[in-house]
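Heads up, the thing below is written out as structure tokens.
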Amino acid sequence: GDSVTQMEGPVTLSEEAFLTINCTYTATGYPSLFWYVQYPGEGLQLLLKATKADDKGSNKGFEATYRKETTSFHLEKGSVQVSDSAVYFCALSDLGIQGAQKLVFGQGTRLTINP
Amino acid sequence: DTEVTQTPKHLVMGMTNKKSLKCEQHMGHRAMYWYKQKAKKPPELMFVYSYEKLSINESVPSRFSPECPNSSLLNLHLHALQPEDSALYLCASSQESFGVGTEAFFGQGTRLTVV
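Protein chains in written order, with the working numbering: chain A, 1006 to 1120; chain B, 748 to 862.
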């Protein structure tokens, strides 16, 4: 079945550092790819998405490019802030057997930014 | 209004109790979802409703019973739960379930503790 693999956390960085969180996927079809963020005690918020190969999703300084040849969707930010501390989930969506969209999540990466 | 509202935010119930979780959205979305999230784990899909009909049941035990009274509401009825069912239960909605790349909006979740 479809799966998503994220780099293991936790990740701790200093403010203004460069961030990369690796994400690779396995899918039989042509999935859409997402990054969701979860702040403590809250639900998930969509950070960015890409629906086809070579698409770049971007939001709030975060970027990720859909790389079909390497089956990857790595998340990057040039200069992180303390407020970026959260858990980040890479996810893919594809049509399930029953024809309804399914979201498959990676394990999540906990990011802590120190001032 | 881009919110998915879940009630209650916290729930403690005994193993013999019957309770219900509620989810509401007013974005005109026709697909709604229940996810279960254990601590430090990604969300796991439980059910998908599409146009008010159950389209995916991920082999969830019958002690969890979903209901979709109308296109804006989604309930999860709980009965005879076990302590291992304690988790954060997340509701989500999307414009439709058949469109790959469709963004899912998540609620804040109900934190359930079974004693």
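We put the CB at the ideal spot given by N, CA and C, even for glycine.
Rounding to the nearest angstrom, what Cα-Cα distance links residue i and residue j in this structure?
i: valine 759 of chain B; j: arginine 1072 of chain A; result: 44 Å
i: glutamine 1106 of chain A; j: glutamate 850 of chain B; result: 10 Å
i: glutamine 772 of chain B; j: glutamate 1074 of chain A; result: 38 Å
i: serine 1077 of chain A; j: lysine 765 of chain B; result: 44 Å
i: serine 819 of chain B; j: lysine 1082 of chain A; result: 36 Å
i: lysine 785 of chain B; j: tyrosine 1030 of chain A; result: 22 Å
i: proline 1045 of chain A; j: leucine 1051 of chain A; result: 15 Å
i: alanine 834 of chain B; j: glutamate 750 of chain B; result: 22 Å
i: histidine 776 of chain B; j: glutamine 855 of chain B; result: 17 Å
i: valine 1092 of chain A; j: threonine 1033 of chain A; result: 27 Å
i: tyrosine 798 of chain B; j: alanine 1022 of chain A; result: 45 Å
i: glutamate 791 of chain B; j: tyrosine 836 of chain B; result: 10 Å
i: leucine 1080 of chain A; j: glutamate 1047 of chain A; result: 21 Å
i: tyrosine 838 of chain B; j: leucine 828 of chain B; result: Looking at the sequence itself, residue 838 of chain B is cysteine, so the reference to tyrosine does not match. Cysteine 838 of chain B and leucine 828 of chain B: Cα-Cα distance of roughly 19 Å.
i: threonine 1070 of chain A; j: valine 862 of chain B; result: 45 Å
i: lysine 800 of chain B; j: lysine 756 of chain B; result: 26 Å
i: leucine 1108 of chain A; j: lysine 787 of chain B; result: 18 Å
i: asparagine 817 of chain B; j: proline 808 of chain B; result: 23 Å
i: proline 789 of chain B; j: leucine 1018 of chain A; result: 22 Å
Give the single residue among the options whose Cα lies nearest to the Cα of residue i.
i: leucine 1053 of chain A; options: A:Glu1081, A:Gln1112 and A:Phe1039; result: A:Phe1039
i: methionine 793 of chain B; options: B:Thr763, B:Pro816, B:His824 and B:Lys787; result: B:His824
i: valine 1085 of chain A; options: A:Gly1066, A:Leu1097 and A:His1079; result: A:Gly1066
i: methionine 762 of chain B; options: B:Pro830, B:Tyr836, B:Cys838 and B:Glu843; result: B:Pro830
i: cysteine 1028 of chain A; options: A:Glu1013, A:Leu1108 and A:Ser1090; result: A:Glu1013
i: glutamate 805 of chain B; options: B:Val862, B:His757, B:Tyr782 and B:Gln842; result: B:Tyr782
i: glutamine 842 of chain B; options: B:Met774, B:Pro755 and B:Ser812; result: B:Met774
i: arginine 810 of chain B; options: B:Asn817, B:Asp832, B:Pro789 and B:Lys800; result: B:Asp832
Within its chain, find whatever has a CB closer than 6 Å to the CB of residue i; leave out the 5 residues flanking it on each side and keep chain order.
i: asparagine 822 of chain B; result: Ser767, Lys769 and Glu814
i: proline 840 of chain B; result: According to the sequence displayed, residue 840 of chain B carries serine and not proline. Only Val751, Gln772, His776, Met779 and Phe852 meet the Cβ criterion.
i: leucine 1049 of chain A; result: Tyr1041 and Gln1043
i: serine 802 of chain B; result: Val795
i: histidine 826 of chain B; result: Lys765 and Arg810
i: serine 812 of chain B; result: His824
i: tyrosine 1035 of chain A; result: none
Would residue i pass as a contact of residue j if the rule is Cβ separation under 9 Å?
i: aspartate 1099 of chain A; j: serine 1037 of chain A; result: yes
i: glutamine 753 of chain B; j: threonine 857 of chain B; result: yes
Going by beta carbon distance, what residues of the same chain come within less than 8 Å of residue i, once the five residues before and after it are set aside?
i: valine 1087 of chain A; result: Glu1020, Ile1118, Asn1119 and Pro1120
i: valine 1016 of chain A; result: Leu1024, Ile1026, Thr1114, Arg1115, Leu1116 and Thr1117
i: phenylalanine 1110 of chain A; result: Val1009, Tyr1041, Phe1094, Cys1095 and Ala1096
i: glutamate 1068 of chain A; result: Leu1053, Lys1061, Gly1062, Leu1080, Glu1081 and Lys1082
i: aspartate 1089 of chain A; result: Leu1024, Lys1082, Leu1116 and Ile1118
Identify, in the order they occur along the chain, each residue of the same chain with its Cβ nearer than 7 Å to the Cβ of residue i, setting aside the five sequence neighbours on each side.
i: glutamine 1112 of chain A; result: Gln1011
i: threonine 1056 of chain A; result: Ser1037
i: asparagine 1064 of chain A; result: Leu1052 and Leu1053
i: alanine 1058 of chain A; result: Tyr1071 and Lys1073
i: glycine 1006 of chain A; result: none
*Counting only runs of 4+ residues fully inside the segment 754-823 of chain B, write out the alpha helix (DSSP H) ranges in chain order.*
none
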